[in-house]
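Here's the structure, in structure tokens; my notes come after.
2 protein chains.
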Amino acid sequence: MNTKRIIVIGGSAAGPKAASKARRMDECAEITIYQRASDLSMASCGYPYYIGGFFDDRSQLLCSPAGVVRDSKFFWNAKKITTKVLTEVTAIDRQNKRIEFTRIVNGEKGTAEYDKLIIATGSTPRKPPIPGIELDGVTTLQSLPDADYLRKVRDEGKIKKAVVIGGGLIGIETCEALHLAGIEITIIELLPQLLTFLDKKMAKLVEKYIQTKTNVILENGVASFIGENNTLTAVRLENGTEIPCELAVIAIGVVPNTNLAKKANLSIGITGGIVVNDYMQTSDPDIYAVGDCIEIPNLITGNPVHAPFGDLANLQGRVAGENIISGNVTRFPGTIQTGICKVFDYGVGATGLSKKNCLKSGMINIETVVNASLDKPGFMQGKLLVTKLIVEKSNGLILGAQVLGPGDVSKQVAIWAMAIKGKLTVNDMVNADLPYAPPYSLAIDHSIATAHIMQNKLNGRFSGISSEQLKEKLKNKEPLVLLDVRNPDEYEQMRLGIGEILIPLGQLRNRLKEFPQDKNAEIITWCKISLRGYEAALILQANGYERVKVLEGGIMAWPYKREK
Amino acid sequence: MNTKRIIVIGGSAAGPKAASKARRMDECAEITIYQRASDLSMASCGYPYYIGGFFDDRSQLLCSPAGVVRDSKFFWNAKKITTKVLTEVTAIDRQNKRIEFTRIVNGEKGTAEYDKLIIATGSTPRKPPIPGIELDGVTTLQSLPDADYLRKVRDEGKIKKAVVIGGGLIGIETCEALHLAGIEITIIELLPQLLTFLDKKMAKLVEKYIQTKTNVILENGVASFIGENNTLTAVRLENGTEIPCELAVIAIGVVPNTNLAKKANLSIGITGGIVVNDYMQTSDPDIYAVGDCIEIPNLITGNPVHAPFGDLANLQGRVAGENIISGNVTRFPGTIQTGICKVFDYGVGATGLSKKNCLKSGMINIETVVNASLDKPGFMQGKLLVTKLIVEKSNGLILGAQVLGPGDVSKQVAIWAMAIKGKLTVNDMVNADLPYAPPYSLAIDHSIATAHIMQNKLNGRFSGISSEQLKEKLKNKEPLVLLDVRNPDEYEQMRLGIGEILIPLGQLRNRLKEFPQDKNAEIITWCKISLRGYEAALILQANGYERVKVLEGGIMAWPYKREK
Chain A
317 MNTKRIIVIG
327 GSAAGPKAAS
337 KARRMDECAE
347 ITIYQRASDL
357 SMASCGYPYY
367 IGGFFDDRSQ
377 LLCSPAGVVR
387 DSKFFWNAKK
397 ITTKVLTEVT
407 AIDRQNKRIE
417 FTRIVNGEKG
427 TAEYDKLIIA
437 TGSTPRKPPI
447 PGIELDGVTT
457 LQSLPDADYL
467 RKVRDEGKIK
477 KAVVIGGGLI
487 GIETCEALHL
497 AGIEITIIEL
507 LPQLLTFLDK
517 KMAKLVEKYI
527 QTKTNVILEN
537 GVASFIGENN
547 TLTAVRLENG
557 TEIPCELAVI
567 AIGVVPNTNL
577 AKKANLSIGI
587 TGGIVVNDYM
597 QTSDPDIYAV
607 GDCIEIPNLI
617 TGNPVHAPFG
627 DLANLQGRVA
637 GENIISGNVT
647 RFPGTIQTGI
657 CKVFDYGVGA
667 TGLSKKNCLK
677 SGMINIETVV
687 NASLDKPGFM
697 QGKLLVTKLI
707 VEKSNGLILG
717 AQVLGPGDVS
727 KQVAIWAMAI
737 KGKLTVNDMV
747 NADLPYAPPY
757 SLAIDHSIAT
767 AHIMQNKLNG
777 RFSGISSEQL
787 KEKLKNKEPL
797 VLLDVRNPDE
807 YEQMRLGIGE
817 ILIPLGQLRN
827 RLKEFPQDKN
837 AEIITWCKIS
847 LRGYEAALIL
857 QANGYERVKV
867 LEGGIMAWPY
877 KREK
Chain B
317 MNTKRIIVIG
327 GSAAGPKAAS
337 KARRMDECAE
347 ITIYQRASDL
357 SMASCGYPYY
367 IGGFFDDRSQ
377 LLCSPAGVVR
387 DSKFFWNAKK
397 ITTKVLTEVT
407 AIDRQNKRIE
417 FTRIVNGEKG
427 TAEYDKLIIA
437 TGSTPRKPPI
447 PGIELDGVTT
457 LQSLPDADYL
467 RKVRDEGKIK
477 KAVVIGGGLI
487 GIETCEALHL
497 AGIEITIIEL
507 LPQLLTFLDK
517 KMAKLVEKYI
527 QTKTNVILEN
537 GVASFIGENN
547 TLTAVRLENG
557 TEIPCELAVI
567 AIGVVPNTNL
577 AKKANLSIGI
587 TGGIVVNDYM
597 QTSDPDIYAV
607 GDCIEIPNLI
617 TGNPVHAPFG
627 DLANLQGRVA
637 GENIISGNVT
647 RFPGTIQTGI
657 CKVFDYGVGA
667 TGLSKKNCLK
677 SGMINIETVV
687 NASLDKPGFM
697 QGKLLVTKLI
707 VEKSNGLILG
717 AQVLGPGDVS
727 KQVAIWAMAI
737 KGKLTVNDMV
747 NADLPYAPPY
757 SLAIDHSIAT
767 AHIMQNKLNG
777 RFSGISSEQL
787 KEKLKNKEPL
797 VLLDVRNPDE
807 YEQMRLGIGE
817 ILIPLGQLRN
827 RLKEFPQDKN
837 AEIITWCKIS
847 LRGYEAALIL
857 QANGYERVKV
867 LEGGIMAWPY
877 KREK
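Chains as they are written, first to last, in our numbering: chain A, 317 to 880; chain B, 317 to 880.
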């Protein structure tokens with residue numbers, strides 16, 4: 317057997333993973349990574365935490381778990397992989413199975429031949445053509461130099477005000493990082509909500525929380541960056557508002573780097589990513605592609621998506637690394653777009669489809685519920701979790717979940733991701749056997765309780781109303797009986813104040829005469845999380861009221877201003 | 317429709333849950349709970365944390381999430397459920413569908429008729445007939461009075477030495493609670509390992525950790541309790557050792573309370589629990605049973621098990637509560653025996669089958685791996701997790717997982733529990749789409765990395781050796797080349813010291829001449845967690861060595877004494 321020549325373009329995440337896996341599959345192959353940047357295997361997902369001061373030793377972003385910097389020497393010694401850093405691949409000559417490259421430091425050009433090629437060119441932050449974008453103080457957060465720059469901002473402590481443009485995942489992470497550096501932040505988002513992987517109401521809950529830390533401006537874009545002496549002094553919004561600031565971070569998403577692939581006439585998909593099959597093979601059987609530069613199928617809808625997540629990049633790299641050595645023996649099936657981010661003391665995550673994405677994909681036969689409850693018992697300092705669950709109405713198939721709050725969000729999202737992976741239904745989840753002990757969960761885990769509520773709803777035991785729908789009804793001045801069934805002391809501490817009456821659940825059966833004679837009156841019930849609200853609804857229904865609705869998630873999931 | 321008369325025997329966990337669910341299903345039913353104890357709905361899983369001082373307000377053990385004590389008044393007002401506390405049901409008259417009861421305070425007797433009966437009589441701690449067991453200072457931890465007694469021990473601070481008899485879940489939790497009260501603890505366990513839901517080697521790792529906090533004595537039982545003035549002064553072990561102590565907590569398991577069921581001639585199963593079908597119905601169609609007094613199927617083996625877990629009790633209660641009202645419409649399928657406990661700063665959990673239980677059930681065609689790695693990146697203060705995964709060899713079906721360590725064990729166990737629920741295989745898990753961000757996980761989650769190792773093992777890419785097997789080989793003085801491939805500074809800090817040579821992975825390819833000429837020599841490789849150990853094995857194999865084995869889990873999963 318001839319020695320296989322393998323070239324990998326891109327040395328950040330998916331590329332090195334593919335190269336390492338290939339080496340483990342074949343001790344003899346000649347493996348070379350070309351990397352435009354100077355560093356290799358950067359933990360780019362860690363940049364916000366380096367900037368935010370969660371750790372100070374920059375080299376940790378570049379280290380193996382054993383604490384060795386993953387430089388060219390490391391790759392050669394530990395893995396017998398040649399790495400050519402500061403070297404840009406400029407063309408792929410598919411005919412001759414050859415790449416052309418240029419060494420960035422001296423402009424030196426060269427070519428190299430491959431038997432198998434892996435494209436792992438990643439993505440680049442979207443940068444809109446806004447006047448003033450070249451000013452000092454305007455940056456993105458994608459590369460290690462970006463991270464170095466923002467860390468320096470932290471360390472110097474001179475900058476007092478910053479604007480983060482884009483309320484997506486990176487924007488929000490950047491926002492926390494800079495806030496921790498003592499900088500006053502304003503987030504600007506063009507859309508009517510932050511974090512578009514969430515449905516709007518869930519995003520509102522995050523927004524409400526973030527507003528306790530930073531300013532949030534929605535439905536507004538940046539018209540221009542204003543500067544003096546080539547240095548940013550303010551951001552002017554499309555509505556004319558000027559926000560003085562010394563720093564602006566643009567985080568409005570990334571675009572796959574497909575220039576090389578396009579020039580080589582490889583298929584590019586509708587999302588703009590390189591098309592690959594589930595072996596990670598492009599339209600050229602000798603060329604594979606992995607990571608942020610490709611598109612992959614959403615496993616629920618079957619539609620291609622651009623899913624630039626570090627975990628998927630690594631998994632794809634592993635699959636490609638094996639297939640280029642052994643032939644197409646292993647598959648990366650696609651994604652359910654599971655994601656999570658830390659938002660100060662909240663976790664915010666999602667998996668599967670949002671309601672929005674269901675509707676967009678033409679899936680209209682769905683049901684949703686919102687559950688707000690603790691992650692573990694109050695006596696173990698349980699913290700709030702709010703979950704929105706989305707299922708197929710006809711069979712209860714779990715389609716998606718969004719989870720947020722100060723509680724253990726990560727575990728909840730993992731549970732739902734596994735439920736989707738296993739194609740489980742609500743009926744499967746209601747008796748799930750999860751690890752229970754008071755330091756870790758409630759006796760009925762938050763996820764199982766969410767499934768219980770969904771089961772009740774699917775069985776027609778109650779009608780729910782979302783805070784959004786209720787807000788709409790209030791706006792329209794629809795006649796409603798609004799019923800809070802908590803205790804007076806709870807009511808004193810916190811209440812919606814939207815015209816509700818307070819009848820504690822324990823008194824409800826004796827105070828039914830206070831309700832309208834008309835059994836067709838619309839009644840909305842709630843409590844803190846709406847468990848008692850549900851019980852109240854059942855009592856009212858049992859007494860003939862036909863239009864009783866439970867406010868889903870109760871007061872804890874109310875994203876609007878409360879009276880108290 | 318006549319008003320349904322429902323009687324529930326037992327008011328701790330499963331009973332009230334069944335009663336509450338029945339009420340939600342039927343506002344008109346007459347529902348009565350008979351409870352021998354004075355309290356209702358006690359959060360008994362919380363007792364160890366009350367004793368350990370995690371919280372001080374005892375009423376939290378009895379409160380609803382809204383902070384209201386769940387007493388008789390609460391049950392009546394909020395749920396229209398009658399509760400008769402301090403009332404013991406003495407007989408079930410199936411013929412006449414009637415129970416007989418005695419009020420404990422005054423001996424008053426009575427009867428009550430039912431349409432449907434739910435038995436939720438729970439379990440009682442096993443108490444061996446050991447001389448001196450009646451001494452002051454000898455207790456169990458099951459009831460609220462037990463918890464009160466042990467909390468008083470904490471608050472008074474007089475007792476300095478205690479013995480915990482039984483190294484199971486309750487024993488270990490008690491041990492932590494008393495340790496936190498400043499008491500010196502010795503755990504006595506009859507078997508050769510603690511926590512029998514773990515395989516022996518995993519249990520050894522827990523034991524090694526617990527020994528940093530308390531004394532552990534295995535394979536020894538208590539012969540007698542020794543006292544003066546009716547008060548415990550020491551425990552005498554079967555081997556004659558006397559351990560001075562002022563407190564002994566017996567925690568050697570529980571037995572289902574089935575006296576009533578037996579007297580009523582209901583079927584009792586081989587585990588000693590009441591037999592129910594998956595509607596929670598006993599051999600009498602009008603009598604249901606739930607909670608610690610029943611046996612249920614293990615969903616993997618199909619064998620009945622006694623699984624006295626609070627979460628299952630609640631789920632069963634919910635199912636029974638619905639079925640007694642609506643006919644048999646919903647099922648509780650069984651358990652995969654998922655469990656977790658907090659052991660000081662470690663979490664220790666398991667789901668599905670252990671290797672031991674596989675073998676016991678005649679499932680011999682299995683493969684196991686041990687993976688030790690961090691739960692999240694080092695720069696985010698990642699903490700160690702050790703997982704043992706057990707799968708069916710022929711198809712990779714996931715059968716069980718055991719997870720322990722200071723890392724996020726709860727999420728890992730939940731992931732594997734869901735994998736088993738979804739009947740997933742290793743091939744499904746290798747590309748699982750789990751929530752990744754540095755504050756929550758590694759780019760390749762610990763669970764996925766475990767699946768990767770298993771996949772490599774199933775594909776024959778490496779042979780693993782467990783620490784137990786290696787220890788055995790060392791004992792037998794088998795000729796071995798022992799190879800640690802870490803860096804010299806790592807070796808200086810920590811090492812096994814069992815005769816190994818140190819060749820850092822990066823030097824291995826250049827130092828192959830230091831290995832025996834005989835390509836059939838047995839070589840064992842490792843590193844801290846054995847990722848590099850695996851890479852080293854591949855290099856050696858590629859160079860013709862045929863008997864290379866990787867020490868699974870590396871140094872971090874070595875449960876024996878290290879040189880350093």
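Where is the CB? At the ideal position from N, CA and C, for every residue including glycine. All figures in this text were calculated on a predicted structure; none of them were measured in a lab.
With contacts defined as CB atoms closer than 7 Å, I845(B) and S642(B) fail to qualify as a contacting pair.
DSSP, read as helix, strand or coil, puts T617(A) in coil. In the same chain as R321(A), and ignoring 5 residues on each side of it, the C-beta atoms closer than 7 Å to its own belong to E346, E429, Y430, D431, in chain order. Looking at the backbone, the Cα of V725(B) and that of W732(B) are separated by about 11 Å. Judged by their CB atoms, A629(B) and G607(B) are nearer to each other than the 7 Å cut-off. Within chain B, no C-beta atom comes less than 8 Å from the C-beta of D608(A); the nearest is roughly 13 Å away. Collapsing the DSSP output to three states places S783(A) in a helix. Note that the segment 594-604 of chain B touches the segment 398-416 of chain B; at least 3 beta-carbon pairs, one per stretch, sit closer than 8 Å. In the structure shown, L494(B) adopts helical secondary structure according to DSSP, grouped into three states.
With 16 or more other Cβ atoms from the protein chains shown falling within 10 Å of its own Cβ, P624(A) counts as buried. For Y876(A), the secondary structure class from DSSP, reduced to helix, strand or coil, is coil.
Contact check between the segment 816-828 of chain A and the segment 790-804 of chain A: three or more CB pairs, one atom from each, fall below 8 Å, which counts as touching. Rounded to the nearest whole angstrom, the C-alpha separation of N545(B) and V685(B) is 54 Å. Exclusion of the five residues before and after G869(A) leaves V686, N687, A688, V702, I845, S846 as the residues of its chain whose Cβ lies within less than 7 Å of its Cβ. Per DSSP, the continuous alpha helix (DSSP H) segment holding S388(A) begins and ends at 388-395. For A359(A), same chain residues with a beta-carbon under 7 Å away, outside a window of 5 residues either side, are L377 in chain order.
The residue among K520(B), M341(B), E505(B), T598(B) with its C-alpha nearest the C-alpha of I568(B) is E505(B). Residue-level contact check: M734(B) touches chain A, since one or more beta carbons of chain A fall below 7 Å from its beta carbon. With contacts defined by Cβ atoms closer than 7 Å, I656(A) and A765(B) do not form a contacting pair.
P572(A) has S439(A) as its beta-bridge partners, per DSSP. Rounded to the nearest angstrom, the gap between the Cα atoms of T549(B) and D355(B) is 32 Å.
Put simply, the CB of S726(A) is near chain B, with a gap under 7 Å to one of its CB atoms. Contact annotation, D761(B) with L750(B): C-beta distance approximately 5 Å; criterion of less than 8 Å satisfied. For Y365(B), the C-beta contacts it makes with chain A under 9 Å involve P693, F695, M696, P754, P755, in order along the chain. In this chain, the alpha helix (DSSP H) harbouring I731(B) covers 725-737. DSSP places F831(A) in the coil class of the three-state scheme, outside both helix and strand. Against chain B, a Cβ distance below 8 Å from C361(A) picks out Y752, A753, P754, A759.
Judged by their CB atoms, T418(B) and E404(B) are nearer to each other than the 7 Å cut-off. Under a criterion of Cβ atoms nearer than 7 Å, the residues of chain A adjacent to V729(B) are, in order, P751. Inter-residue distance for T741(A) and G438(B) is about 31 Å (C-alpha atoms, whole angstroms).
Nearest CB-CB separation between Q509(A) and chain B: not below the 7 Å threshold.
Under the DSSP assignment, G668(A) falls in the beta strand (DSSP E) whose first and last residues are 662-668.
In the assembly as shown, E489(A) is a buried residue. Its beta-carbon has 16 or more other beta-carbons within 10 Å. Within chain B, no C-beta atom comes nearer than 9 Å to that of G326(A); the closest sits roughly 16 Å away. Annotated three-state conformation of T549(B) is strand, per DSSP.
In the structure shown, F695(A) adopts helical secondary structure according to DSSP, grouped into three states.
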